[in-house]
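K.L.:
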Amino acid sequence: MIDKHKKIPSLSSNSVRLGVLLAIVGGFLDAYTFISRDGVFANAQTGNIVLFAVKVANGEWKDSFLYIFPIVAFILGVLVSEIVKIPYIRQVLHSYRRSILILECMVLIVVGILPSGVPNIVVTVSISFVSSLQISTFNKLDKWAYNSTMTTGNLRTATQAAYAAFIEHNPEARKQFKEFFWIILSFLSGALTGTLTTIHIGNQSIWIASGFLVIALVLYHRDRGYIKSPIALK
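What follows is the structure, given as structure tokens:
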């Protein structure tokens, strides 16, 4: 007999399952824009700032502007993610995290529909904006800070946790290492998938990333109680 009151593991905004899905999307989008959109990163603004500085130093002023717009879009995304946390706006949206997932998914679907003649800057700016929303809204893995669209900080955290787990025999650090290992592996898998599908499918391959967001959105809806499972309806 099924216990109706048994607590089902939640796909909260801090859950590892959600983190894995978002990390796959993060790796995918960086590979997608780098390969198909002028070598510009959608998520890694550190890379864009360095490349901007290189272009400026070489006197390539026209090319340097390719890196400014994604950086500005990223900043705007951070600001929007803060604005939606204002109490009365949160109340209107009911779940601002759900709204962010829906917006990101919709933007990626539209990007895949755009004709090939659309300037690359339109695509990179759009993706940088929604990536910024994602990184600003979903920034906790369990109880630890993490990044779903870049992996440098995650790699550092995983390495520190591995040391504490296997050298100092810290059980909490072992759990942290395991969770961050899956995030890093997911980001790598997303980048590999993004590379291969962009090469062989083209611009529409971005719909694969939106598919992962749909999965995340459905699970988020279900586990937050917006969608009733068959068990709950009995």
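In terms of the working numbering, the sequence shown opens at residue 1164 and continues consecutively.
Just so it is clear, CB atoms sit at the ideal spot from N, CA and C, and this is done for glycine as well.
It should be emphasised that the depicted structure is a prediction, and the values quoted were computed from it without experimental measurement.
Whole angstroms is fine: what's the gap from L1184's alpha carbon to Y1383's?
P.N.:
For L1184 and Y1383, the distance between alpha carbons rounds to 11 Å.
K.L.:
Please confirm whether Y1195 and T1314 have their CB atoms less than 8 Å apart.
P.N.:
Going by C-beta atoms, Y1195 is not nearer than 8 Å to T1314.
K.L.:
Which one of I1187, I1234, N1221 has the shortest CA to CA distance from V1203?
P.N.:
Closest option to V1203, Cα to Cα, is I1234.
K.L.:
Spell out the partners DSSP gives K1303 in its beta bridges.
P.N.:
Beta-bridge pairing links K1303 to A1308.
K.L.:
Quick one: any contact between the segment 1257–1266 and the segment 1289–1299, if contact means 3 or more CB pairs under 8 Å?
P.N.:
Yes, the segment 1257–1266 is in contact with the segment 1289–1299.
K.L.:
Please report the residue range of the alpha helix (DSSP H) in which H1363 lies.
P.N.:
Taken as a continuous stretch (DSSP letters only), the alpha helix (DSSP H) holding H1363 covers 1334–1363.
K.L.:
If I'm right that V1213 touches L1376 with Cβ under 8 Å, what's the distance once you round it to whole angstroms?
P.N.:
28 Å between Cβ atoms; not a contact.
K.L.:
Reducing DSSP to helix, strand and coil, say where V1377 ends up.
P.N.:
Of the three classes helix, strand and coil, the one that applies to V1377 here is helix, per DSSP.
K.L.:
Rounded to whole angstroms, what is the Cα-Cα separation between F1350 and A1186?
P.N.:
Computed Cα separation, rounded: 5 Å.
K.L.:
In three-state DSSP terms, what is N1283?
P.N.:
Reduced to three states, the DSSP call for N1283 is helix.
K.L.:
Mapping the DSSP letters down to three states, classify H1257 as helix, strand or coil.
P.N.:
Here H1257 sits in coil by DSSP.
K.L.:
Which class does H1278 belong to by DSSP, given the choice of helix, strand or coil?
P.N.:
This sequence places Pro at residue 1278; His is not what is there. Coil at P1278, not helix or strand.
K.L.:
For the alpha helix (DSSP H) holding V1203, just list the boundary residues, first then last.
P.N.:
Element bounds for V1203: n/a, residue is neither H nor E.
K.L.:
What do you get for K1169, buried or exposed, if any count of 16 or more other CB atoms within 10 angstroms of its CB means buried?
P.N.:
Per-residue confidence for K1169 stands at a pLDDT of 42, beneath the threshold of 50, marking its modelled position as unreliable; the derived number appears in the next sentence. Its Cβ having fewer than 16 others within 10 Å, K1169 is exposed.
K.L.:
Can you round the beta-carbon distance between L1304 and G1190 to whole angstroms, since I take them to be within the 8 Å contact cut?
P.N.:
With 8 Å as the limit, L1304 and G1190 do not qualify as a contact, their Cβ atoms being about 15 Å apart.
K.L.:
Measuring straight from C-alpha to C-alpha, what distance separates I1231 and A1308?
P.N.:
So the two alpha carbons sit approximately 27 Å from each other.
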